[in-house]
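If you count the sequence shown from 1, you need to add 1132 to reach the numbering used here.
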Amino acid sequence: MQFQYLLLTRFAVINAFLLALVLAAYGQGWLDPMITARLAELTLIIVAVFVYGLAVCGWKIWRLTVELNGLNAESLSADSRLAHYLEQVRTADSQSRALQAGTLRLELTDRIVVVRHTANTLIFLGLIGTVIGFIIALSAVDPSTAADAENVAAVIATLIDGMSVALNTTLIGAMLYLWLTVNYRILTSGTVSLIAEVIGMGERRASA
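Okay, structure coming up:
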């Protein structure tokens, strides 16, 4: 079986490598500013959304692996969508097969869209953190006291605090977006392979 556990292996290797990089960065203390920064709650929300997206992606990759292996071994469950499609196109004409194939493509691609939407959410959350950070930074700027030397230190401290929030959330959102997008590419390639395999098998059976 050429597809047996291939997708799962790629998923496991890539995520193990990226997790090792994160742990190494944590061990060096590079993540401490992000953990201890103001509005760490927003960072935790971004991480929680990422973990959800990664878990969903992993489940869907497992499901794809089972379906690809079942398709190659011709041991699909009788109530599965793929078995239903193969049964429908067995005696259908070419036009009906084309319609059924189009419907199947839409169904199989639609079930992985949630991972892409979750990845996009990470970017939006990072941008929200950026806006909040700038609001914090600008809240310290008071034109009426800008020339007062006694207030300069407090203003600078608040500016740095706000910029820290903005940059940290933007960086975390962008990095986790890229991480989840890499996994989404694996899921997409598996879905494309599944679509090609099942439609090709349907055509072969119909012309036999």
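For each residue, glycine too, the CB sits at the ideal point set by N, CA and C.
Output the distance between the C-alpha atoms of residue i and residue j, rounded to the nearest integer angstrom.
{"i": "Met-1133", "j": "Thr-1253", "result": "Since pLDDT at Met-1133 reaches only 44, below the 50 mark, its modelled position is unreliable, and the value read off the structure follows with that caveat. Spanning the two alpha carbons is a distance of roughly 36 Å."}
{"i": "Gly-1190", "j": "Gly-1202", "result": "18 Å"}
{"i": "Arg-1248", "j": "Asp-1242", "result": "10 Å"}
{"i": "Glu-1219", "j": "Leu-1174", "result": "49 Å"}
{"i": "Arg-1330", "j": "Ile-1260", "result": "The sequence as given places Val at residue 1330; Arg does not occur at that position. Rounded to the nearest angstrom, the two C-alpha atoms are 42 Å apart."}
{"i": "Ile-1292", "j": "Ile-1244", "result": "40 Å"}
{"i": "Leu-1236", "j": "Thr-1323", "result": "11 Å"}
{"i": "Glu-1199", "j": "Pro-1165", "result": "44 Å"}
{"i": "Gly-1161", "j": "Leu-1176", "result": "18 Å"}
{"i": "Ala-1152", "j": "Thr-1223", "result": "52 Å"}
{"i": "Ile-1167", "j": "Thr-1262", "result": "16 Å"}
{"i": "Leu-1231", "j": "Phe-1149", "result": "42 Å"}
{"i": "Ser-1226", "j": "Ala-1338", "result": "9 Å"}
{"i": "Thr-1320", "j": "Ala-1205", "result": "22 Å"}
{"i": "Val-1314", "j": "Val-1183", "result": "14 Å"}
{"i": "Ile-1288", "j": "Leu-1299", "result": "16 Å"}
{"i": "Ala-1215", "j": "Val-1145", "result": "31 Å"}
{"i": "Ala-1233", "j": "Gly-1332", "result": "10 Å"}
If residue i and residue j are in contact, beta carbons under 8 Å, what's the gap, nearest whole angstrom?
{"i": "Phe-1143", "j": "Ile-1318", "result": "6 Å"}
{"i": "Thr-1250", "j": "Val-1181", "result": "6 Å"}
{"i": "Ile-1178", "j": "Gly-1305", "result": "5 Å"}
{"i": "Tyr-1316", "j": "Ile-1255", "result": "Actually they are not in contact, since the Cβ atoms of Tyr-1316 and Ile-1255 sit about 13 Å apart, beyond 8 Å."}
{"i": "Leu-1312", "j": "Gly-1185", "result": "5 Å"}
By Cβ distance below 7 Å, which residues in the same chain neighbour residue i in space, the five residues on each side in sequence not counted?
{"i": "Leu-1140", "result": "Ile-1193, Trp-1194 and Thr-1197"}
{"i": "Gly-1258", "result": "Ile-1178, Thr-1301, Thr-1302, Ile-1304, Gly-1305 and Ala-1306"}
{"i": "Tyr-1137", "result": "Thr-1197"}
{"i": "Val-1246", "result": "Val-1188"}
Suppose the cutoff is 8 Å on Cβ atoms and the five residues either side in sequence are ignored; what does the same chain contact list for residue i look like?
{"i": "Glu-1239", "result": "Arg-1213"}
{"i": "Leu-1163", "result": "Val-1154 and Ala-1157"}
{"i": "Arg-1229", "result": "Val-1221, Gly-1334, Glu-1335 and Ala-1338"}
{"i": "Ser-1209", "result": "Gly-1202 and Ala-1215"}
Using a Cβ-Cβ cut-off of 6 Å (strictly less than) and excluding sequence neighbours within five positions of residue i, which residues of its own chain qualify?
{"i": "Ser-1325", "result": "none"}
{"i": "Gly-1334", "result": "Leu-1218 and Val-1221"}
{"i": "Gly-1294", "result": "Gly-1265, Ile-1268 and Ala-1269"}
{"i": "Asn-1147", "result": "none"}
{"i": "Leu-1171", "result": "Val-1297"}
{"i": "Ala-1286", "result": "none"}
So, does the CB of residue i fall closer than 9 Å to a CB anywhere in chain C?
{"i": "Leu-1203", "result": "Checking the listed chains, one finds no chain C in this structure; it contains a single protein chain."}
Could you tell me which whole alpha helix (DSSP H) segments of length 4 or greater appear in the region 1225 to 1262? 1226 to 1242
Enumerate, from N- to C-terminal direction, the unbroken alpha helix (DSSP H) stretches of 4 or more residues contained entirely within the region 1156 to 1203. 1164 to 1168
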